[in-house]
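Read through the structure below, which is laid out as structure tokens, and then see the notes.
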Amino acid sequence: MIPYDQLSKVNQPYQSAFEKAFREFLEKGWYIMGEGLKEFEKQFAAFHQAKHAIGVANGLDALILAIKVLDLPAGSEIIVPSNTYIASILAIIHAGHIPVLVEPNIASYNIDPTGIEAAVTPKTKAILVVHLYGKCCNMDPISQIAQAHGLAIIEDCAQSHDARYKGRLAGTLGHLAAFSFYPSKNLGALGDAGAILTQVEEYAIKLRSLRNYGSHQKYQNDQVGFNSRLDELQAIFLSIKLPSLTAITAHKRALASLYLAHLKPEFILPIVEEGYEDVYHIFNIRHPRRDALKAYLFENGVGTEIHYPIAPNHQKALAPWLAGKKYPISEEIHATTLSLPCSVCHEKADIFKVIELMNAF
Ligand SMILES: Cc1ncc(COP(=O)(O)O)c(C=O)c1O
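The numbering of the sequence shown is the working numbering, which starts it at 330 and goes up by one.
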């Protein structure tokens with residue numbers, strides 16, 4: 330069996346470092362907001378040459394707090410892609426605003442800048458870009474539109490750790506960036522974890538308070554805050570893994586390059602463009618008989634996933650905002666996309682087996 334992913338194997342190289350760090354953590358007895366969190370925030374900011382990293386409980390909270398800190402008028406419109414994981418849209422709603430969905434480009438799967446301009450109204454206050462599958466959005470035209478209309482840019486970097494656009498890292502392309510370290514992410518914790526990056530000191534100060542009950546000083550609460558601190562133990566584990574992120578990226582790119590070179594043309598492959606350094610958090614292909622292909626691969630011992638099977642506008646939870654709206658490009662992607670094994674738990678031989686099977690489909 331070639332599983333889609335195998336997290337025990339992904340984390341095996343760090344096991345002895347995790348065990349040593351856990352023993353020290355136990356001996357120290359400081360479980361929340363300790364030195365481990367400070368150290369990870371320092372390292373994660375330094376990796377991005379960003380001024381501030383603020384650890385939070387998960388990627389959804391990172392998005393909610395990144396929106397909240399902007400202090401937009403209640404009910405502002407925030408532009409977001411029509412094909413994204415539901416968290417990007419939920420964050421806008423939880424922050425008290427209105428999601429305005431814009432279709433992706435069918436080749437890049439990321440928000441199409443040409444659709445953004447048409448969606449801007451006087452109520453639009455921000456654009457939430459999602460660097461889906463590990464490819465950055467086409468940021469130059471997006472930044473130009475944002476600047477022309479005075480809009481904030483929030484990056485959803487849950488799938489794009491270490492990806493670059495024109496040499497610049499995802500997470501440094503807008504005003505605020507939200508990361509998830511969900512275990513299967515390219516930089517994954519051993520539980521839930523997330524972080525926000527920003528260059529703006531005022532945001533950083535407010536975010537440190539917002540994640541901690543709106544408090545900078547114990548029992549003194551200046552904002553209506555949350556309990557969304559990045560768990561100390563997860564921060565310690567993430568600091569152990571962060572130095573390997575570039576090697577993780579290189580491994581996934583090497584596997585992806587095999588698919589790109591050897592899959593038959595009947596499979597629609599991710600585009601490779603100059604100026605984009607993709608990290609293949611998800612290596613997806615598209616095929617008109619996606620479900621039959623998935624079943625065939627499963628019968629032949631290959632695990633695959635679908636990111637995602639239901640388009641956001643067809644989710645019951647989002648009906649009050651999206652019922653009746655049509656997003657044909659997003660729906661086409663949802664109907665045809667299939668995610669192939671492409672993890673650090675895989676070797677090149679695994680990928681060659683998948684390729685051989687697929688080319689015989
Ligand atoms: C694009 C995107 N945004 C946000 C999230 C939310 O992250 P988390 O699961 O850590 O809350 C995810 C996670 O799967 C994601 O893929």
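Backbone N, C-alpha and C fix where the C-beta goes; we use that ideal spot for every residue, glycine too.
Do the segment 672-682 and the segment 582-598 meet, that is, are 3 or more Cβ pairs less than 8 Å apart? yes
What does H478 pair with, by DSSP beta-bridge criteria? Taking the sequence shown and counting its residues from 1, the one referred to as residue 478 is at position 149. In the DSSP output, where bridge partners are listed per residue, H478 has none listed.
Which same chain residues end up closer than 8 Å to A374 when comparing Cβ atoms and leaving out the 5 residues on each side of it in sequence? To locate residue 374, count along the sequence shown from 1; it is residue 45. For A374, where only same-chain residues beyond five positions count, the Cβ hits under 8 Å are K380, H381, A382 and L526.
Write down every uninterrupted run of the alpha helix (DSSP H) in the segment 426-478 whose length is 4 residues or greater and which is fully enclosed by it, in chain order. 442-448 and 468-478
Would you mind listing the beta strand (DSSP E) stretches within the segment 588-652 that are 3+ residues and don't spill past its ends, in chain order? 612-615
Let's see if you can read the secondary structure: which residues bound the beta strand (DSSP E) around S668? Here residue 668 refers to the residue found at position 339 when the sequence shown is read from its first residue. Element bounds for S668: T666 to L669.
In this structure, does DSSP put F690 in helix, strand or coil? On the sequence shown, position 361 is the one that residue 690 refers to. F690 carries a coil assignment under DSSP once its states are collapsed to helix, strand and coil.
Among V608, M687 and Q644, which has the Cα closest to the Cα of G630? Walking along the sequence shown from the start, residue 630 turns up at place 301. Minimum Cα distance to G630 is reached at M687.
Name the two residues that bound the continuous beta strand (DSSP E) containing H381. Mapped onto the sequence shown, residue 381 falls at position 52. First-last of the beta strand (DSSP E) with H381: H381 to V385.
N412 vs P433 beta-carbon contact at 8 Å: Along the sequence shown, read from residue 1 onward, the residue named residue 412 stands at position 83. Along the sequence shown, read from residue 1 onward, the residue named residue 433 stands at position 104. Taking C-beta atoms as the reference points, N412 and P433 count as a pair closer than 8 Å.
Does at least one heavy atom of ligand 1 sit under 7 Å from the Cβ of Y414? Taking the first residue of the sequence shown as 1, we reach residue 414 at position 85. Checking the Cβ of Y414 against ligand 1 gives yes.
Looking at C-alpha atoms only, which residue of R493, R352 and L401 is the closest neighbour of L562? Translated into positions along the sequence shown, residue 562 becomes position 233. It is R352.
I need the straight-line Cα distance from S642 to G653, nearest angstrom please. On the sequence shown, residue 642 is found 313 positions in, with the first residue counted as 1. On the sequence shown, residue 653 is found 324 positions in, with the first residue counted as 1. The sequence as given places Asn at residue 642; Ser does not occur at that position. Taking the straight line from one Cα to the other gives about 8 Å.
How many angstroms separate the CA atom of S437 from the CA atom of F354? For the purposes of this step, residue 437 is taken as the residue at position 108 of the sequence shown. For the purposes of this step, residue 354 is taken as the residue at position 25 of the sequence shown. Roughly 43 Å separates the two Cα atoms.
Around the Cβ of H580, are there at least 16 other Cβ atoms within 10 angstroms (buried) or fewer (exposed)? Numbered from its first residue, the sequence shown carries residue 580 at position 251. Buried is the call here.
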